[in-house]
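Structure first, commentary second.
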Amino acid sequence: MFEILGIDPVAELVYRTLLRRQGCRVAELAEDLAIPDEVVRAKVRALAELALVGESFDEEGRVRPVAPDVALWHLIEQAEASLAAKRMELDASRMAIERFVEDCVERAAGCGSADIEHLDGMDQVQHRLEELSRMTRSEMFTFMAEGPQPAEVVEAARRKDEELLRRGVAVRAICQSSIRGDRTTFGYAGWLNRAGGNVRMVSELPVHMVLIDREIAILPVDPGDARAGAVQVNARGVLAGLLALFEHTWTVADPLKPEDDDSEALSLQQRELLALLGQGLTDEAAAKRLGVSQRTVRRMMAGLMQEMGARSRFEAGLKVSGRGWL
Numbered sequence: 001m002f003e004i005l006g007i008d009p010v011a012e013l014v015y016r017t018l019l020r021r022q023g024c025r026v027a028e029l030a031e032d033l034a035i036p037d038e039v040v041r042a043k044v045r046a047l048a049e050l051a052l053v054g055e056s057f058d059e060e061g062r063v064r065p066v067a068p069d070v071a072l073w074h075l076i077e078q079a080e081a082s083l084a085a086k087r088m089e090l091d092a093s094r095m096a097i098e099r100f101v102e103d104c105v106e107r108a109a110g111c112g113s114a115d116i117e118h119l120d121g122m123d124q125v126q127h128r129l130e131e132l133s134r135m136t137r138s139e140m141f142t143f144m145a146e147g148p149q150p151a152e153v154v155e156a157a158r159r160k161d162e163e164l165l166r167r168g169v170a171v172r173a174i175c176q177s178s179i180r181g182d183r184t185t186f187g188y189a190g191w192l193n194r195a196g197g198n199v200r201m202v203s204e205l206p207v208h209m210v211l212i213d214r215e216i217a218i219l220p221v222d223p224g225d226a227r228a229g230a231v232q233v234n235a236r237g238v239l240a241g242l243l244a245l246f247e248h249t250w251t252v253a254d255p256l257k258p259e260d261d262d263s264e265a266l267s268l269q270q271r272e273l274l275a276l277l278g279q280g281l282t283d284e285a286a287a288k289r290l291g292v293s294q295r296t297v298r299r300m301m302a303g304l305m306q307e308m309g310a311r312s313r314f315e316a317g318l319k320v321s322g323r324g325w326l
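With the first letter of the sequence shown counted as 1, position 41 gets the number 41 in the UniProt record's numbering; the numbers rise by one all the way through.
Here it is as structure tokens:
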């Protein structure tokens, strides 16, 4: 839940336990959580670096938690500042690529250079992309700026990527976060990530772009109208800038975790159960809150543990937190 703040699932569990116990020694934490002392000690150090815990003023060797309404909000402010900086970098990237596209179109119209070719209409663009895909030798990078896509478009992209990956081509894609709300498109991104590609997410991209073998780029003439066609860019100077833009955006984008596309795998009741148990409620108390029997709660937990491959509830809790299911 708090990984974006630099708190991994085990550290979060240690912090929650310290809050519940109002502080304790590392050995007591390790015994309570059934985690090795050295692991707990490392997590306490990590929490201390984030100013979430400190040494007790009253008892030497005792770890005290810092109130979450102070410490966590400070971390949130830091994360927001980091996101704001990323947004500024992406805005600068958008302006840069818009200038590149304008320059490409002007050069194509003005001199008809072999370095820049105008592709008229969607059919010609699609035909060229299919042709270039078959010719790709080592790398294909994509800005997927369109957001959610129809099922037939997604299926065509999947077939293309399957062939590229089968041939050992490195496939990297940067997608807009808006696809998370679309099961088909987000499912494709998750599939690509699991199949051997590499996918990252940003809040917004300026334009769709495909880079092939660091030698060719395809850009739309009008980012707002796919029917206007595209330009194929072979000019080394322009390509160098576009590649630098892609790599820069890649560094500020968020990696798509392999398990992210499983976020809809839980039912509402399963989520409620996990949330209640995560708050420290017993099976009996959770059953009462859900209006079911203790046997049902235990059966649900057993099913979840089997689904996640967890051998204990503690391990299941770590996997649930790591997958962002709560």
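Glycine included, C-beta positions come from ideal geometry on N, C-alpha and C.
| query | What's the gap between the Cα of residue 132 and the Cα of residue 159? | reply | Residue mapping note: residue 132 aligns to position 132 of the sequence shown, counting from 1. Residue mapping note: residue 159 aligns to position 159 of the sequence shown, counting from 1. Whole-angstrom Cα-Cα distance: 14 Å.
| Hey, out of 116, 66 and 64, whose CA is closest to residue 215's CA? | Stepping through the sequence shown from its first residue, residue 215 is reached at position 215. Per the Cα distances, 116.
| task | Figure out for me which residue from 217, 301, 292 and 291 has the closest Cα to the Cα of residue 329. | result | Missing from the structure shown is residue 329; the chain here goes from 1 to 326 and no further.
| task | Return the CA-CA distance between residue 291 and residue 269, expressed in angstroms with no decimal places. | result | As a first step, residue 291 must be located in the sequence shown, where it is residue number 291. As a first step, residue 269 must be located in the sequence shown, where it is residue number 269. Near 11 Å, if we compare the C-alpha coordinates of residue 269 and residue 291.
| Contacting residues, own chain, Cβ-Cβ under 8 Å from residue 76 (five flanking each side not counted) | Against the sequence shown, residue 76 aligns to sequence position 76. The residues are 5.
| task | Out of 63, 186, 52 and 123, state which residue places its alpha-carbon closest to the alpha-carbon of residue 327. | result | Residue 327 is absent from the model: the chain starts at 1 and stops at 326.
| query | Is the region 126-140 touching the region 235-244, taking contact as three or more C-beta pairs under 8 Å? | reply | no
| query | Roughly how many angstroms lie between the CA atoms of residue 129 and residue 295, to the nearest whole one? | reply | In the sequence shown, counting from the first residue as 1, residue 129 sits at position 129. In the sequence shown, counting from the first residue as 1, residue 295 sits at position 295. Cα to Cα, residue 129 sits roughly 56 Å from residue 295.
| message | Suppose contacts are defined by Cβ-Cβ distances below 7 Å. Is residue 178 in contact with residue 201 by that definition? | response | Within the sequence shown, residue 178 is the residue found at index 178, counting from 1. Within the sequence shown, residue 201 is the residue found at index 201, counting from 1. Cβ distance not < 7 Å, so residue 178 and residue 201 don't count as in contact.
| On the three-pair Cβ rule with 8 Å, is the region 189-198 touching the region 72-87? | no
| query | Looking at C-beta atoms only, is the number of pairs between the region 26-37 and the region 64-74 that lie closer than 8 Å three or more? | reply | no
| Helix, strand or coil for residue 65 per DSSP? | Taking the first residue of the sequence shown as 1, we reach residue 65 at position 65. DSSP places residue 65 in strand when its eight states are reduced to three.
| request: Report the three-state DSSP secondary structure of residue 32 (helix, strand or coil). | output: Residue mapping note: residue 32 aligns to position 32 of the sequence shown, counting from 1. It is helical.
| field | Where residue 234 falls: helix, strand or coil (DSSP) | value | Position 234 of the sequence shown, counting from 1, holds the residue named residue 234. It is coil, neither helix nor strand.
| message | On the criterion of 16 or more Cβ atoms from any shown chain inside 10 Å, does residue 91 qualify as buried, or is it exposed? | response | Position 91 of the sequence shown, counted from the first residue, corresponds to residue 91. By the neighbour-count rule (16 or more Cβ atoms within 10 Å), residue 91 is not buried but exposed.
| Under the rule that 16 or more other beta-carbon atoms within 10 Å means buried, what is residue 82, buried or exposed? | Counting from one through the sequence shown, the residue named residue 82 turns up at place 82. When all chains shown are included, residue 82 counts as exposed.
| task | State the DSSP-derived secondary structure class of residue 170, mapped to helix, strand or coil. | result | Translated into the one-based positions of the sequence shown, residue 170 becomes position 170. Here residue 170 sits in strand by DSSP.
| query | Thinking C-alpha only, which one of 86, 19 and 58 is nearest residue 251? | reply | As a first step, residue 251 is located in the sequence shown; it is residue number 251 there, counting from the start. The shortest Cα separation from residue 251 among 86, 19 and 58 belongs to 86.
| Where residue 119 sits in the DSSP three-state scheme | Your numbering for residue 119 matches position 119 in the sequence shown. In this structure, residue 119 counts as strand in the three-state DSSP scheme.
| query | At which residues does the beta strand (DSSP E) containing residue 217 begin and terminate? | reply | Translated into the one-based positions of the sequence shown, residue 217 becomes position 217. Taken as a continuous stretch (DSSP letters only), the beta strand (DSSP E) holding residue 217 covers 216-220.
| request: Starting from the C-beta of residue 44, find all residues in its chain whose C-beta is less than 8 Å away, skip the five residues before and the five after it, and write them out in chain order. | output: Mapped onto the sequence shown, residue 44 falls at position 44. Cβ within range, chain order: 14, 26, 29, 53 and 63.
| query | Roughly how many angstroms separate the alpha carbons of residue 143 and residue 210, rounded to a whole number? | reply | Locating residue 143 in the sequence shown gives position 143, counting from the first residue. Locating residue 210 in the sequence shown gives position 210, counting from the first residue. Near 7 Å, if we compare the C-alpha coordinates of residue 210 and residue 143.
| field | Residues near residue 166 in its chain [Cβ-Cβ closer than 7 Å; skip 5 each side] | value | To locate residue 166, count along the sequence shown from 1; it is residue 166. Counting only Cβ-Cβ distances below 7 Å, and skipping sequence neighbours, we find nothing.
| Anticipated Cβ contact below 8 Å, residue 220 with residue 230, distance rounded | Start at 1 with the first residue of the sequence shown, and residue 220 comes out as number 220. Start at 1 with the first residue of the sequence shown, and residue 230 comes out as number 230. Yes, they are in contact, since the Cβ atoms of residue 220 and residue 230 sit about 5 Å apart, within 8 Å.
| request: In angstroms with no decimal places, state the Cα-to-Cα distance between residue 281 and residue 274. | output: Along the sequence shown, read from residue 1 onward, the residue named residue 281 stands at position 281. Along the sequence shown, read from residue 1 onward, the residue named residue 274 stands at position 274. If you take the alpha carbons of residue 281 and residue 274, they lie about 10 Å apart.
| Between the C-alpha atoms of residue 42 and residue 285, what's the straight-line distance to the nearest angstrom? | Mapped onto the sequence shown, residue 42 falls at position 42. Mapped onto the sequence shown, residue 285 falls at position 285. One C-alpha to the other measures close to 33 Å.
| On the three-state DSSP scale, how would you describe residue 142? | Within the sequence shown, numbered from 1, the residue matching residue 142 stands at position 142. DSSP places residue 142 in strand when its eight states are reduced to three.
| field | Beta-carbon gap between residue 207 and residue 173 smaller than 7 Å | value | In the sequence shown, counting from the first residue as 1, residue 207 sits at position 207. In the sequence shown, counting from the first residue as 1, residue 173 sits at position 173. Not in contact: residue 207 and residue 173 (Cβ atoms no closer than 7 Å).
| request: For residue 253, count neighbouring C-beta atoms within 10 Å of its own C-beta (all shown protein chains included) and say buried if the count is 16 or more, exposed if not. | output: Numbered from its first residue, the sequence shown carries residue 253 at position 253. The residue is buried, with at least 16 neighbouring Cβ atoms inside 10 Å.
| query | DSSP puts residue 21 in a beta bridge; with which residues? | reply | Numbered from its first residue, the sequence shown carries residue 21 at position 21. In DSSP, residue 21 forms no bridge with anything.
| How long is the line joining the alpha carbons of residue 226 and residue 240, rounded to whole angstroms? | Sequence index remark: in the sequence shown, residue 226 carries index 226 (1-based). Sequence index remark: in the sequence shown, residue 240 carries index 240 (1-based). Distance between the alpha carbons of residue 226 and residue 240: 24 Å.
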